[in-house]
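Below: the structure, in structure tokens.
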Amino acid sequence: MTTDTHPEHEAPPMTEATVLATIDGREVDVGSGTTILEAARACGVRIPTLCHHPDLADVGVCRVCVVEVEGQKNLQPSCVFPITQPLEVRTHTPRVAAARRDIVDLLLSEHYGDCRTCARNGSCELQDLAAEYGVDHYRFGQRTEPAFSVDDGGPSIVFDPDKCVLCLRCVRTCAELQDVRALSVTGRGTGVRVATFAGLPLSSEFCINCGQCLNRCPTGALTAMDVTARVRDMLDDPRKHVVIQTAPAPRAALGEEFGLPPGTPVTGQLNTALRELGFDKVFDTTFAADLTIIEEGVELIGRLYRSMVLGEPDVALPMFTSCSPGWVKYLEHAYPSYLPHLSTCKSPQQMFGTLIKTWYAARSGLDPADIVSVALMPCVAKKFEAARPEMTDSGYADVDLVVTARELAKMLRQQGIDLPSEPKSGFDDPFGNATGSGVIFGVTGGVMESALRTVLELVTGEPVENLYEHADITPVRGFDDVRLLELTIPDAGGPVPALVAHLVPDWNWLRGVALRVAVVHGTATARRVIEDIRAGGWFAACHFIEFMACPGGCLGGGGQPIPTSLEIRKARARAIYAEDTAYGEAGHARKSHENPTVARMYAELLTDGPGGETSHRLLHTAYTARGTFVLTDERG
Amino acid sequence: MTIRTPLTLATVTPDAGLRAALERAPHEVIEEVTRSDMRGRGGAGFRTGLKWRLASEAPAPDGRRHVVCNADEGEPGTFKDRALLSVVPDLVFEGMTIGAWAIGATSGVVYLRGEYVYLRKGLEECLADRRAAGLLGSDIMGTPGFDFDIRVQLGSGSYLCGEETALLESLEGRRGEPRNRFPYPVVRGLDRAPTIVNNVETFAWVPAIMARGADWFLGIGTSASKGPKLLSISGDVARPGVYEFPFGVTIREVLTASGGENAHAVVVGGACGVCVPASDFARTISYEEASTGGAVIVLGPDRDLLDVAENFLEFFVDESCGQCTPCRVGNPVLLEGVRALKRGECTPERLGELQRLGRTMQDASKCGLGQTSPSFFLSLVDLFGPEILHRVPA
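In order, the protein sequence lines correspond to chains A and B.
For the first sequence, the working numbering begins at 69 and goes up steadily by one.
For the second sequence, the working numbering begins at 14 and goes up steadily by one.
Here it is, written out as structure tokens:
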């Protein structure tokens, strides 16, 4: 091996200047530093890739995207080659094609697995490359035996290293986007592989089950635990009353599985399709989101009151949201001393699960033992959350089975249902009432916006529209890593609504207070925010912070359709905000506290009010300090 | 390891080169090194003066630049750096200090091959002596503001860490895996600062060039390969060891000097080098004809070239970091091909596929390992294709 390299094409410092690149004869002006891959896409030249992902920094390891660059002796990886001087590139010469074919054949030679039984059959990037490069036989051999065992013991994620192509997208996702680092590279040469710390199953590691890795895996090496067969069995069992709650994020994305462009809502069609699948009732998770807002909003007011008026020294502020099970587990591992900051509210999924097996069962004359409660979620961490031992306040597993958007799409296809062509229908009572606030839980910033709509109205006694046009609290919207909002509570002075009368005597103590809130998504960003709090920075003076484990919030969850990118996530967000707006235009409630079913819940079941003893028993939970070194075999 | 020829480097007056360098402005030092036309002694042959100029011109936002000496001498059949670090460590450190003056570096690191741990004590003592003598530390040789020191860091046995960017990754505490160009280390090297990474021998020649002048160096060698070169000669020879020759020496002359006259072939460049058959022994050791970082492995008439190829490929399969596809998966395929050839079970079609694969690995691998690991095998097929294809298994 030679030990030096040839820096004769040294990149000059980056400038604003543009450079002319000629790619397969097409000329394109690009900013200095643009990669060949970006420039090629800008002028309509398609270069195949494998280890490239738009959400991640490029590493240039798979070598599938190599191209000829004039002046360079060897082929160059287009994903990491910056254009800093005029240059000519050829992307599809015989030399390039031969190299790409060799590389694809090499990848196939170390790949073990049966495409026909693979979860990614039909959506596998390695399969696509094999087809594109005309691979007609295994020139460099084929593995006939598995070399690794499959890690499928956990509730959320299945890891089959035999299907890994070592593109490192999962490792980079886990490190760059999530800062969890549950996955890393170990070994070298033929022994190199993606592995967990000490080779333990993912479920015993500091892994938060967010599933961002499997959303970016090009093959079937990382997939979600599939429970569709169990759901099917339950649907086919005549003794079982099978209900499903659907979260807003998969409803904004499921269309992608059926060829619709990202951002096409399919809520109405899905309701019909779920009944055709055999579900006895189709409920809307957003009802429980509204309930969460009341419980969490009241919890926040209570914490503020105890801190600001009663002067209690140990009130944990800022308060953190607790709807995202990936985020909750992240905090349990990485910052257990901050667990008191987490709202004690269960997530909407789990609140709903408890109510289905208590209030709904009693009201419908059903034995909760016969109810199977299924949740359609954008999330694989929700599978873990449903399996948490404490989530049995109904006396049963509050939620029995969690299916992701991808699993549900699979079930619909198996049933021969073409989702886009289904007629629309509504949700079932008694949980049919939802609000726009519940819907926007599916996007980063949505919980905060919903909470603000409710808290501001409760406190001021005035419509939030007086502060924000159409009640759109736009400062907390968007996809910046962190959004901050400081708003001075206007002359608070409305009467104290009955909902919170047991907590505060009046609102005078909030008069003129500058309420400081923040919205955070992606646990890598979360870590920076917690570190800032620890250092006594801006965030330490916050009152309330929304955290979502996944980039983009639930709509970017690990259970959503593959692929994902910022553009796709933005399109899904547009669909979700459009649904919120539609509630208003149709004259429906857009604020959680206006949800009539929520009011009914407090009248009939949670009679001691939000944060009361009943709601604490059914709707609140506790957390587990886990730490970063997890060496037991316990499901963690 | 025996040093078989007198070493020019042993005759260089200590610290004369450093004194001469400090009497000039840094850019003048770079000009002198550039004028000497010295090319990197590690094997790739990049021009030292140009490398130093690029590093000196690269912006260093926090004012830091680094000098790194690549002493991770891991190429099979190479041991001349070990000789230099044993015999003239002062010259290596002096060369690094001159490099620091030239590019404006404040810190230097010797990345020492893990297996050379026994050299560490001597190197540390030498560094301590230099500090005591004012040749390292602050205001070196009384030059106000010229502060520079050197530390030794041990590798841990990875061949790949001899690749300069993998070396830098290792220095920074990460897996020893090569980085992507661009930018090159001269722009963003150790801790993201402009860094020159040079071979031990390259640094050792610098004081000689500064003390005796570039013209002295230019007077030795060939038109494209200047100066003397140390070679590590091993294999089927009577007198293995470290030799100094001027660039341009023929392979036959090397064999005569080392007692390998009846060689069947010679591997020039180590495991990543090429096979030179007896009919080509008139070729010269030089960047233009038979280039090497120092390794010359002599293969006698009884030596099976396929055994050698198998041995080399086993080594590369073991030492690949596994990061990029062509190297990780390609080397085992080539190895299996060589074994099939040995068994007499390789068809001409398969041999052709292996050749094309080897070229893809050279063309598309991320770093020098995968780009050069097929070299010996490919040269073997070019030279002896029909013979090795019709091998009757033993």
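Here a beta-carbon is modelled for each residue, glycine too, at the ideal position from N, C-alpha and C.
Nothing here was measured: the structure is a model prediction, and the numbers come from that model.
Counting along the chain, Asn283/A sits inside the alpha helix (DSSP H) bounded by residues Gln280 to Arg284. Under the three-state reduction of DSSP output, His589/A falls in the strand class. Note on geometry: alpha-carbon atoms of Ala609/A and Leu173/B lie some 49 Å from one another. In this structure, the beta-carbon distance from Val113/A to Thr159/A falls below 8 Å. About 18 Å separates the CB atoms of Glu257/B and Thr26/B; that is not less than 8 Å, and the two are not in contact.
In the structure shown, the three-state DSSP call for Thr15/B is coil.
Excluding the 5 residues flanking it on each side, Arg237/A has same chain C-beta neighbours closer than 8 Å at Cys119, His121, Leu124, Cys281, Arg284, Cys285 and Pro286, in chain order. Pairwise C-beta distances place the region 150 to 159 of chain A in contact with the region 85 to 104 of chain A, as three or more of them are shorter than 8 Å. Straight-line measurement puts the Cα of Gly625/A at about 33 Å from the Cα of Ala430/A. A straight-line Cα-Cα distance of about 15 Å links Val226/A and Cys242/A. Met445/A is bridged by DSSP to Thr472/A.
Counting only unbroken stretches of 3 or more residues, the beta strand (DSSP E) elements lying wholly within the region 452 to 538 of chain A are 469 to 472, in sequence order.
Taking the Cβ atoms as the reference, Asn663/A lies roughly 15 Å from Ala654/A, outside the contact range of under 8 Å.
Cβ-Cβ separation between Arg225/B and Gly257/A: approximately 45 Å, too far for a contact (criterion under 8 Å).
Note on Val87/A: 16 or more other CB atoms within 10 angstroms of its CB, so buried under the neighbour-count rule. Interface annotation for the region 247 to 258 of chain A against chain B: Val253, Gly255, Arg256, Gly257 and Thr258, criterion Cβ-Cβ distance under 8 Å. Residue environment for Pro416/A: buried (at least 16 other C-beta atoms within 10 angstroms of its C-beta). In this structure the region 350 to 364 of chain A lies against the region 508 to 525 of chain A, because at least three pairs of beta carbons, one per stretch, are closer than 8 Å.
When beta bridges are read from the DSSP output, Cys288/B appears opposite Val280/B. In terms of Cβ geometry, Ala449/A and Ser252/A do not form a close pair [threshold 8 Å].
In the structure shown, the three-state DSSP call for Asp97/A is strand. 8 Å or more divides the Cβ of Lys355/B from the Cβ of Glu400/B. In this structure, DSSP gives Asp204/A a state outside helix and strand, which the three-state scheme calls coil. The contact set of Leu370/B on chain A, defined by CB atoms closer than 9 Å, consists of Asp170, Asp173, Leu174, Arg207 and Phe208 in chain order.
Around the beta carbon of Ala617/A, a 10 Å sphere encloses 16 or more other beta carbons of the protein chains shown; the residue is thus reported as buried. DSSP assignment within the region 92 to 147 of chain B yields the following whole beta strand (DSSP E) runs of 3 residues or more, N-terminal first: 120 to 125.
Sequence-ordered contacts of the region 176 to 207 of chain B with chain A read Glu176, Glu177, Arg188, Asn193, Arg194, Phe195, Pro196, Tyr197, Val199 and Val200 [C-beta pairs closer than 7 Å]. Under the DSSP assignment, Leu402/B falls outside any beta strand (DSSP E), being part of the alpha helix (DSSP H) whose first and last residues are Ser388 to Leu402. CA-to-CA, the gap between Pro162/A and Gly383/B works out to about 21 Å. For Gly112/A, the three-state secondary structure derived from DSSP is coil. Taken in chain order, the complete beta strand (DSSP E) segments of 3 residues or longer contained in the region 298 to 356 of chain B are 308 to 312. Annotation: Tyr691/A to Ala594/A spans about 18 Å, alpha carbon to alpha carbon. Under the DSSP definition of a beta bridge, Asn211/B partners with Cys82/B. In this structure, Val289/B keeps its C-beta atom at 8 Å or more from the C-beta atom of Ile310/B.
Leu88/A carries a strand assignment under DSSP once its states are collapsed to helix, strand and coil. Note on geometry: alpha-carbon atoms of Leu396/B and Leu402/B lie some 12 Å from one another.
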